[in-house]
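Chemist: Have a look at this one before I ask anything.
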Amino acid sequence: MDREAVKGKVGGRTHEISRLIGRSLRAVVDMKALGENTIVIDCDVLQADGGTRTAAITGAYVALADALEWGREKKFIAQRATPLKDSVAAVSVGIVDGKPLLDLAYAEDVRAETDMNVVMTGSGSFVEVQGTAEGAPFDRAELDALLDLALGGGTTLTALQAQALGR
Numbered sequence: 001m002d003r004e005a006v007k008g009k010v011g012g013r014t015h016e017i018s019r020l021i022g023r024s025l026r027a028v029v030d031m032k033a034l035g036e037n038t039i040v041i042d043c044d045v046l047q048a049d050g051g052t053r054t055a056a057i058t059g060a061y062v063a064l065a066d067a068l069e070w071g072r073e074k075k076f077i078a079q080r081a082t083p084l085k086d087s088v089a090a091v092s093v094g095i096v097d098g099k100p101l102l103d104l105a106y107a108e109d110v111r112a113e114t115d116m117n118v119v120m121t122g123s124g125s126f127v128e129v130q131g132t133a134e135g136a137p138f139d140r141a142e143l144d145a146l147l148d149l150a151l152g153g154g155t156t157l158t159a160l161q162a163q164a165l166g167r
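Pasting the structure below:
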């Protein structure tokens, strides 16, 4: 099956995901240190099981960090420049059957009473929080529990990203 981008026509969902990825990556890049360079990250999520946005952001950061290192090696980016201010990763969390869960699988996502995508930096700051009550509204205690769960998942993903980058 051809991707929308290959066909030259991008649908609303794809466009929204693209904008979210861009916002997430820009949050951790010092554009001045990047200089006059443009980096294009193309994300193909082959298997996300309900977490397309979060998988794309988490993987896109690894691609960005790798591209910046390549740019430094090729002298497109100054050796002393530090374009990356932090890392960024994203996780899904939700409440299913009254229980907070991390990294919802599709079967859980469709049954979730509350569903959230949380984008955060490696240092624990939030870039974006998208949350929806699919049924009954959620309260502050549930929100706090979901954000705590997301921070734990983000910490794990940050370590895996560093490992993938050989750091």
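Just so we're aligned: the sequence shown equals residues 1 to 167 in UniProt numbering.
Just so you know, even glycine gets a beta-carbon here, dropped at the ideal spot from N, CA and C.
1) Enumerated in chain order, which unbroken segments of the alpha helix (DSSP H) with a length of 4 residues or greater are wholly contained in the stretch 2-64?
2) Scan the UniProt domain "Exoribonuclease phosphorolytic" (86-151) and note each continuous alpha helix (DSSP H) run of 4 residues or more that stays entirely inside, going in chain order.
3) Mapping DSSP to helix, strand and coil, what is L165?
4) Could you pull out every residue in the same chain whose Cβ sits closer than 7 Å to the Cβ of A33, ignoring the five residues on either side in sequence?
5) Roughly how many angstroms separate the alpha carbons of I41 and G22, rounded to a whole number?
6) With a CB to CB cut of under 6 Å and the five nearest residues on each side skipped, what residues in its chain are close to F39?
7) Below 8 Å on the Cβ atoms is my guess for L157 versus T58; work out the distance and round it to an integer in Å.
8) Whose C-alpha, out of Y61, L46, I77 and T14, is nearest the C-alpha of G35?
9) What whole-angstrom Cβ distance do T54 and V88 have, given they're in contact under 8 Å?
10) Keeping to the same chain, check which residues put their C-beta closer than 6 Å to that of T52; ignore five residues upstream and five downstream.
11) Determine which residues share a DSSP beta bridge with residue 201 and list them.
12) For D97 and D109, I'd like the C-alpha separation in whole angstroms.
13) Classify Q130: buried if its beta carbon has 16 or more other beta carbons within 10 angstroms, exposed otherwise.
14) Going by beta-carbon coordinates alone, are V127 and A150 separated by less than 8 Å?
15) Of the residues G166, K99, Y106 and G152, which one's Cα is nearest the Cα of F138?
16) Look at the alpha carbon of A141 and the alpha carbon of Q161, and state the distance between them as a whole number of angstroms.
Modeler: Reading it off the structure:
1) You should have 4-7, 12-26 and 31-34.
2) Whole alpha helix (DSSP H) segments, 4+ residues: 106-109.
3) Position 165 of the sequence shown, counted from the start, is the residue given in the question as residue 165. Looking at L165 - three-state DSSP - the assignment turns out to be coil, as it is neither helix nor strand.
4) The residue given as residue 33 occupies position 33 in the sequence shown. Hits under 7 Å: A81, T82 and P83.
5) As a first step, residue 41 must be located in the sequence shown, where it is residue number 41. As a first step, residue 22 must be located in the sequence shown, where it is residue number 22. If you take the alpha carbons of I41 and G22, they lie about 9 Å apart.
6) By 1-based counting over the sequence shown, the position of residue 39 is 39. A small correction: the amino acid at residue 39 is Ile; Phe does not occupy that position in the sequence shown. Closer than 6 Å at Cβ, skipping near neighbours: A67.
7) Start at 1 with the first residue of the sequence shown, and residue 157 comes out as number 157. Start at 1 with the first residue of the sequence shown, and residue 58 comes out as number 58. Confirmed, Cβ separation roughly 5 Å.
8) Numbered from 1 along the sequence shown, position 35 holds the residue referred to as residue 35. Relative to the Cα of G35, the nearest Cα in the group Y61, L46, I77 and T14 belongs to I77.
9) Taking the first residue of the sequence shown as position 1, residue 54 is located at position 54. Taking the first residue of the sequence shown as position 1, residue 88 is located at position 88. T54 to V88, Cβ: 11 Å. No contact.
10) Residue numbering aside, residue 52 sits at position 52 when the sequence shown is read from its first letter. Taken in chain order, the residues that qualify are V45.
11) Absent from the model: residue 201. The displayed extent of the chain is 1 to 167, so no value can be given.
12) Within the sequence shown, the letter at position 97 stands for residue 97. Within the sequence shown, the letter at position 109 stands for residue 109. Rounded to the nearest whole angstrom, the CA to CA distance from D97 to D109 is 11 Å.
13) For the purposes of this step, residue 130 is taken as the residue at position 130 of the sequence shown. Counting C-beta atoms within 10 angstroms of its own C-beta, Q130 has fewer than 16 neighbours from the protein chains shown and is therefore classed as exposed.
14) Residue 127 sits at position 127 when you count from the first residue of the sequence shown. Residue 150 sits at position 150 when you count from the first residue of the sequence shown. Contact flag unset, no.
15) Here residue 138 refers to the residue found at position 138 when the sequence shown is read from its first residue. Considering only alpha carbons, the answer is K99.
16) Translated into positions along the sequence shown, residue 141 becomes position 141. Translated into positions along the sequence shown, residue 161 becomes position 161. C-alpha separation (whole angstroms): 30 Å.
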